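> The sequence shown: position 93 = 93 (the numbering used here), numbered continuously. Heads up, the beta-carbon is just placed ideally off N, CA and C, and yes, glycines get one too. A quick note: this is a predicted structure, and the numbers were derived from the prediction, not measured.
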Amino acid sequence: MERSNRRILLVDDDSTLRECVSQILTEAGYEVLEARDGKEGMMRAERDRPNLIILDLVMPRWSGMTVLEHLRRGRNSRVRVIMMSGQDQERFRPLAESKGVDGYLAKPVCLETLLARVRSILPLSPELVAVH
1 MERSNRRILL
11 VDDDSTLREC
21 VSQILTEAGY
31 EVLEARDGKE
41 GMMRAERDRP
51 NLIILDLVMP
61 RWSGMTVLEH
71 LRRGRNSRVR
81 VIMMSGQDQE
91 RFRPLAESKG
101 VDGYLAKPVC
111 LETLLARVRS
121 ILPLSPELVA
131 VH
């Protein structure tokens, strides 16, 4: 099976948010994989080797920060990460940035802002952009 260079893993315990974000990213031409908690997200990251992970900060069974720490120590240490959170931005943004996230977005997330951030990290080929 050919590995996509536009594979995104979306890790969030909010099923409605996952559905909305997944739909927008899929329509934009990305392959979207989903996980509903931190531990499942870590397992999928190891197995599926995404190019980008969109990671919620507060989740059951491993927080986003725990997942990020494990990612940075493992074979996916260089994977690109966008973190989302409704938590105290002044406290958590600097911590996430110190661990090498590529973006930190406040919830409720603006889907257009998220898509723009994703496109800046994983640009699509001109042929795919023309189709979508």
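1) Below 8 Å on the Cβ atoms is my contact criterion, and I expect G103 with S63 to pass it. Report the Cβ-Cβ distance as a whole number of Å.
2) Return yes when the Cβ of R47 is within less than 7 Å of the Cβ of L122, no when it is not.
3) Can you name the start and end residues of the alpha helix (DSSP H) that M43 belongs to?
4) For G64, name the three-state secondary structure that DSSP assigns.
5) Applying the 10 Å Cβ sphere with the 16-neighbour rule, what's the burial state of S120?
Short version:
1) Here the question's residue 103 lines up with position 103 in the sequence shown. Here the question's residue 63 lines up with position 63 in the sequence shown. The beta-carbon separation of G103 and S63, rounded to 18 Å, does not stay under the 8 Å limit for a contact.
2) Within the sequence shown, residue 122 is the residue found at index 122, counting from 1. Within the sequence shown, residue 47 is the residue found at index 47, counting from 1. Taking 7 Å as the Cβ cut-off, L122 and R47 do not qualify as a contacting pair.
3) Here residue 43 corresponds to residue number 43 of the sequence shown, with the count starting at 1. That run of the alpha helix (DSSP H) goes G38 to D48.
4) By one-based count along the sequence shown, residue 64 stands at place 64. Three-state result, G64: helix.
5) As a first step, residue 120 must be located in the sequence shown, where it is residue number 120. Exposed is the call here.
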